[in-house]
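Let me begin by presenting the structure, written as C-alpha cells, before commenting on it.
2 protein chains.
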Amino acid sequence: MHSFVYNVPVKVYFGQNQLGHLGEELKRYGTRVLMTYGGGSIKRSGLYDTIVAEIKQAGLELFELSGIEPNPRIDTVREGAKICKEKKIDVLLAVGGGSTLDATKWIAAGACVDHDPWDFLDRSKLAPVEKALPVLDVLTLAATGSEMDGGGVITNPETHEKLGRIVSPTLLPKVSFLDPSVTYTVSKYQTACGSADILSHVMEQYFNLEPDLYMLDCFMEGLMKTVIKYAPMALAQPDNYEARANLMWASSWAINGFITGGKQQAWSCHPMEHELSAFYDITHGLGLAILTPRWMEYCLDETTVSKYVQFGVNVFGIDSSLDPMEIARQSIKAVSNFLYDTLGLKRTFTEIGIDRTHFQTMAKRACNNGTLPGFKPLKQSDIEKIFEMCL
Amino acid sequence: MHSFVYNVPVKVYFGQNQLGHLGEELKRYGTRVLMTYGGGSIKRSGLYDTIVAEIKQAGLELFELSGIEPNPRIDTVREGAKICKEKKIDVLLAVGGGSTLDATKWIAAGACVDHDPWDFLDRSKLAPVEKALPVLDVLTLAATGSEMDGGGVITNPETHEKLGRIVSPTLLPKVSFLDPSVTYTVSKYQTACGSADILSHVMEQYFNLEPDLYMLDCFMEGLMKTVIKYAPMALAQPDNYEARANLMWASSWAINGFITGGKQQAWSCHPMEHELSAFYDITHGLGLAILTPRWMEYCLDETTVSKYVQFGVNVFGIDSSLDPMEIARQSIKAVSNFLYDTLGLKRTFTEIGIDRTHFQTMAKRACNNGTLPGFKPLKQSDIEKIFEMCL
Numbered sequence: 001m002h003s004f005v006y007n008v009p010v011k012v013y014f015g016q017n018q019l020g021h022l023g024e025e026l027k028r029y030g031t032r033v034l035m036t037y038g039g040g041s042i043k044r045s046g047l048y049d050t051i052v053a054e055i056k057q058a059g060l061e062l063f064e065l066s067g068i069e070p071n072p073r074i075d076t077v078r079e080g081a082k083i084c085k086e087k088k089i090d091v092l093l094a095v096g097g098g099s100t101l102d103a104t105k106w107i108a109a110g111a112c113v114d115h116d117p118w119d120f121l122d123r124s125k126l127a128p129v130e131k132a133l134p135v136l137d138v139l140t141l142a143a144t145g146s147e148m149d150g151g152g153v154i155t156n157p158e159t160h161e162k163l164g165r166i167v168s169p170t171l172l173p174k175v176s177f178l179d180p181s182v183t184y185t186v187s188k189y190q191t192a193c194g195s196a197d198i199l200s201h202v203m204e205q206y207f208n209l210e211p212d213l214y215m216l217d218c219f220m221e222g223l224m225k226t227v228i229k230y231a232p233m234a235l236a237q238p239d240n241y242e243a244r245a246n247l248m249w250a251s252s253w254a255i256n257g258f259i260t261g262g263k264q265q266a267w268s269c270h271p272m273e274h275e276l277s278a279f280y281d282i283t284h285g286l287g288l289a290i291l292t293p294r295w296m297e298y299c300l301d302e303t304t305v306s307k308y309v310q311f312g313v314n315v316f317g318i319d320s321s322l323d324p325m326e327i328a329r330q331s332i333k334a335v336s337n338f339l340y341d342t343l344g345l346k347r348t349f350t351e352i353g354i355d356r357t358h359f360q361t362m363a364k365r366a367c368n369n370g371t372l373p374g375f376k377p378l379k380q381s382d383i384e385k386i387f388e389m390c391l
Numbered sequence: 001m002h003s004f005v006y007n008v009p010v011k012v013y014f015g016q017n018q019l020g021h022l023g024e025e026l027k028r029y030g031t032r033v034l035m036t037y038g039g040g041s042i043k044r045s046g047l048y049d050t051i052v053a054e055i056k057q058a059g060l061e062l063f064e065l066s067g068i069e070p071n072p073r074i075d076t077v078r079e080g081a082k083i084c085k086e087k088k089i090d091v092l093l094a095v096g097g098g099s100t101l102d103a104t105k106w107i108a109a110g111a112c113v114d115h116d117p118w119d120f121l122d123r124s125k126l127a128p129v130e131k132a133l134p135v136l137d138v139l140t141l142a143a144t145g146s147e148m149d150g151g152g153v154i155t156n157p158e159t160h161e162k163l164g165r166i167v168s169p170t171l172l173p174k175v176s177f178l179d180p181s182v183t184y185t186v187s188k189y190q191t192a193c194g195s196a197d198i199l200s201h202v203m204e205q206y207f208n209l210e211p212d213l214y215m216l217d218c219f220m221e222g223l224m225k226t227v228i229k230y231a232p233m234a235l236a237q238p239d240n241y242e243a244r245a246n247l248m249w250a251s252s253w254a255i256n257g258f259i260t261g262g263k264q265q266a267w268s269c270h271p272m273e274h275e276l277s278a279f280y281d282i283t284h285g286l287g288l289a290i291l292t293p294r295w296m297e298y299c300l301d302e303t304t305v306s307k308y309v310q311f312g313v314n315v316f317g318i319d320s321s322l323d324p325m326e327i328a329r330q331s332i333k334a335v336s337n338f339l340y341d342t343l344g345l346k347r348t349f350t351e352i353g354i355d356r357t358h359f360q361t362m363a364k365r366a367c368n369n370g371t372l373p374g375f376k377p378l379k380q381s382d383i384e385k386i387f388e389m390c391l
C-alpha cells in the first residue's frame, strides 16, 4: 500500500437552482470573465441565457469563446489563450461537458505562458505548468469527471495525437456547478457514452493487483453498481432526477483521485482509446466501450483471475461458488451485455468504420513504443491483438 | 433529494514517512507555531521528538500547550486562545486524536476574537465564527474524523454542557497528516471506542428515510463493512498496517460531509451521548456503543423497517428472503454482537456507573427541550425510555 496525498479543493454546488451563486463565486477571482462553450445546445436549453443574466447581474464583464469541439483541438486552446492575453481575462467559466472543461483548463494554463500551449502536452517537451488562470464550470454532461480533476486531454489533428496530462491542483476547477436537471436534454447516445466512460474510469483503477484499501474497493463497487443501475433509467426516462443525479455525482468521484488511494498502476483502456479518437475522432466513451470487454478477455489468466471474481460477485451478483474462471468469463459477458445491449452502443470497430490501417501505429503510440504498465503490462503486439479482437 | 455544497479543501498526507512535508506546510502559514497535545503518549512513542525536529529544521519558532484532556474543556480553549494572542501565534499544530483537534479548532477561533470562546458554543449566544488561525494536525487516533471536518465539541464542566458546532470551511484543518502506523500504540480499549465512533457516524447518516443518492448508500455500507472487517484485526494485531490504514481513512470519510450528500436529518445518538459525557466524562465511543442498539430497537416500526432491511442485508449479509421485521431484529443483534462481543465494550450504563439520577435533565437537554428531529423524531420522554433501556 503506497502513501499518497489527497487534495481536492474543488467547491461543488450540487443540485437544482444553484446558479444564483455563480456571480459571487466568479467575483472572488476578478471581473473579466471568459465563458467557453461548444455548440448551440446551451442556447437552445436556455442555460446560456441564465448564465449570462447571472454574470451581468454580478456586474462582471463577459467575453465568449464558442465552438469548442468534442475531442477539443489544440488550435482552440491557442485561440482561447490568445483571447485571455488580449482581453486581460481574470477568470474562465467553462459551460459544457468534458471537452469544454478540458480545453478551458489548458487555455487557463496557456494564458500564463509565452510558449505554444501544445508544449505542455508534447511528450518530448512537457513544459512545466506552474500557474493557470482560475477556472469555474457549469457541467452539462455526466462523463469525464473533468469537473473535479486536474486533467485535460487535447487533440492535435496535424500529428494525429490525443494527449492528456494531470496537473493537480493547478488545473483543478475552483468551483463546479453540477445540476443533474441540466443533463435531461443529453441525448440517449451521449448518455450511453458518458456512462461507459464513468464505468471505464472506475474499472481502470479497480482492476489492480496492488495491496489496497478495502474501503476504496467497496466504494468502487458502489460506483459501478450506480452506473449499472441508473444508466438504463436515464435512457428510459431522460428527466429522471434520481438517475441523472447519481450518474453525475458518480462521474466526479470516479476520477477525482479519491479511489486511486495511492495505487501507482497506469491505466490501460484510456491510452488505447486516445489513439482511436486521435485517428478517427470517435466519441471517447464509445471507443472505451468497444475496447473494455476485449481488454478484460485479453488480461484474464491465473494471475489476474481473483480480481475478476471479486468484480463479478460484488458488482454483478454472480454466484461465488462457481469456478473462478467461470465467474471471470461471466463477468466479462455481463460487462458486454451492459455496454452493447443495455446501453445500445456499437460493439465492433467495423461497425464504426475503423479497420486495420492504423493498428500498428496506434498500438506503438499507445504504449509509447515500450510497455503500457497497467493491470497486465501490454506491449505493442499485445495492443494490436486487442485491436484485432475489436474488429 | 436536497441540493448541497461539497467543499472539503483539506490536504491529507496519508501513509508512513510523510512528516518530512510538515515544515514546508507549516511555513505556508507563518513562522510562530503553537503545538497542542494531550498527555505524554506522543513523547513515549517518539512522535513528539520527530515533530519538534521537523519544526526546528524548518526554522520555525515553537510554542506548546500540553494537557488537552479527553472531552476537552472550555478552560483549555481559553488558555490556548490567550497563548495565541500573547505569543502572536501564526499557525496551530494539533498532535493527537479528536479531543486535541477539536480543542485546537476552537483555540484557533478564540484567538481571533475578544470575547469568551464559550460564546461560540453557548446555545443562547452562538457568536459568529468569522475567522480562525490556520490549523494543521498530526492524527494519532482513528475515531472522530475531526481531521477532515470543520466541527469541534467542547465540555463546560461548570454547566455540565458538552456542545459542538460545525463551521465549515472556517474550522477545517488546512493539512492533516494521517499515518496509520502512528496508531499501532493505541490501546485495545481506545481502538474499540474509536471503531464504535466511526460506525456511529455512518449509522447516524445512513439511517435516514429521505430520498437519497444510492451511490452514497453504497459507500456508507462499504465504510461500515470496513469497520466491521478491520476493527477486530486491529485489536488482534495492533501493528497490522492494512487494518489501521482502513480504519483511519474510514474515520475521515465517515464525517467529512461527503456521505451527507444533502440529507438534512439531524443526528440522534450523538446528542444523547454528549449529555452522558457532559455528566459522567465517559469515552464518547463507549457511550455511543451502549446507546446505538437501544436507539435502533426504539426506532424500529413499520415506517422505518425498510432501512434496517437494507442495512442488515447489505452490511451483515442477513438472508434477504426473511420477514422484514426479522431481518431488522437480526441486524440489531448483529450490531450488539459486534460492539459488545467483538469489540469487547461494556453493554450497560450500570456497568460504567451511570444510574437514573440525571436521566430527566440529560434527556431534556439532548432534545433541547423540544424534539430531536432525527431518523425517528425523539422527545424528552422517548430519550428517557432509551436511557432506561441502557441500564
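Protein chains in written order, with UniProt numbering: chain A, 1 to 391; chain B, 1 to 391. Glycine included, every Cβ here is placed at the ideal spot set by N, Cα and C. Owing to the predicted nature of the structure, the values given are computational and were not obtained by experimental measurement.
Nearest neighbour of Val202(B) by Cα position, chosen from Leu247(B), Gln380(B), Asp49(B), Leu92(B), turns out to be Leu247(B).
Residues of the same chain with a CB within less than 7 Å of the CB of Gly150(A), apart from the 5 flanking positions on each side, are Ile166, Val167, Ser168, Pro169, Thr170, Leu171, Leu172 in chain order. Neighbours of Glu351(B) in chain A, taken as residues whose beta carbon is under 7 Å from its own, are absent, since the nearest beta carbon is some 32 Å off. Taking all protein chains shown into account, Arg244(B) has 16 or more neighbouring C-beta atoms within 10 Å of its C-beta and is therefore buried.
The C-beta separation of Ile55(A) from Leu65(A) comes to about 14 Å, leaving the pair out of contact by the 8 Å criterion. The count of Cβ pairs closer than 8 Å, one atom from the stretch 20 to 27 of chain A and one from the stretch 74 to 85 of chain A, stays below three, leaving the stretches out of contact. With respect to the 8 Å criterion, Gly285(A) and Ala196(A) are classified as neighbours on the basis of their beta carbons.
Excluding the 5 residues flanking it on each side, Lys376(B) has same chain C-beta neighbours closer than 7 Å at Cys299, Thr304, in chain order. DSSP, read as helix, strand or coil, puts Lys162(A) in strand. Listed along chain B is no residue with a C-beta nearer than 8 Å to that of Pro134(A); the closest approach is about 14 Å. The DSSP-derived three-state label of Asp301(B) is coil. When DSSP states are grouped into helix, strand and coil, Thr100(B) belongs to the helix group.
Thr260(A) sits close to Gln205(A), with the two beta carbons spaced by under 8 Å. Arg365(B): member of the alpha helix (DSSP H) spanning 359 to 366, first to last residue. Between the stretch 355 to 373 of chain B and the stretch 306 to 320 of chain B, the count of C-beta pairs closer than 8 Å stays below three; the two stretches do not touch. With contact defined as three or more Cβ pairs closer than 8 Å, the stretch 178 to 193 of chain A and the stretch 205 to 217 of chain A are not in contact. Put simply, the CB of Tyr29(B) is far from chain A, with every gap to its CB atoms at 8 Å or more. Rounded to whole angstroms, Ala363(B) and Ala254(B) show a C-alpha spacing of 26 Å.
Pro377(B) does not reach chain A, its nearest Cβ partner there being about 25 Å away, counting only Cβ pairs nearer than 9 Å. Shown in chain order are the members of the stretch 15 to 28 of chain A whose Cβ falls below 8 Å from a Cβ of chain B: Gly15, Gln16, Asn17, Gln18. Annotation: the continuous beta strand (DSSP E) that includes Phe14(A) extends over 11 to 14. Residues are counted here when their Cβ sits less than 9 Å from a Cβ of chain B; for the stretch 254 to 280 of chain A these are Phe258, Gly261, Gly262, given in chain order. Going by C-alpha positions, Val113(A) is about 29 Å away from Val10(B). Gly67(A) is classed as exposed because its beta carbon has fewer than 16 other beta carbons within 10 Å across all chains shown.
Per DSSP, the beta-bridge partners of Asn156(A) are Glu161(A). Using a CB distance cut-off of 8 Å, Pro9(A) counts as an interface residue toward chain B. Rounded to whole angstroms, the separation of the alpha carbons of Thr100(A) and Gln190(A) is 15 Å.
Linking Thr292(B) to Gly30(B) through their CA atoms gives a straight-line distance of about 43 Å. Between the alpha carbons of Leu391(B) and Glu351(B) lies a distance of about 8 Å. One thing to note: Met1(A) has its Cβ within 8 Å of the Cβ of Asp212(A). A check of alpha carbon separations from Val8(A) across Leu126(A), Lys174(A), Pro373(A) identifies Lys174(A) as the nearest.
With its beta carbon at least 8 Å from every one in chain B, Thr357(A) lies outside the interface. Under the three-state reduction of DSSP, Leu209(A) is assigned to coil, being neither helix nor strand. Thr226(A) and Phe219(A) have their C-alpha atoms roughly 10 Å apart. Relative to Cys193(A), the option among Thr144(A), Ile89(A), Pro180(A) whose CA is nearest is Thr144(A). Rounded to the nearest whole angstrom, the C-alpha separation of Lys162(A) and Ala132(A) is 21 Å.
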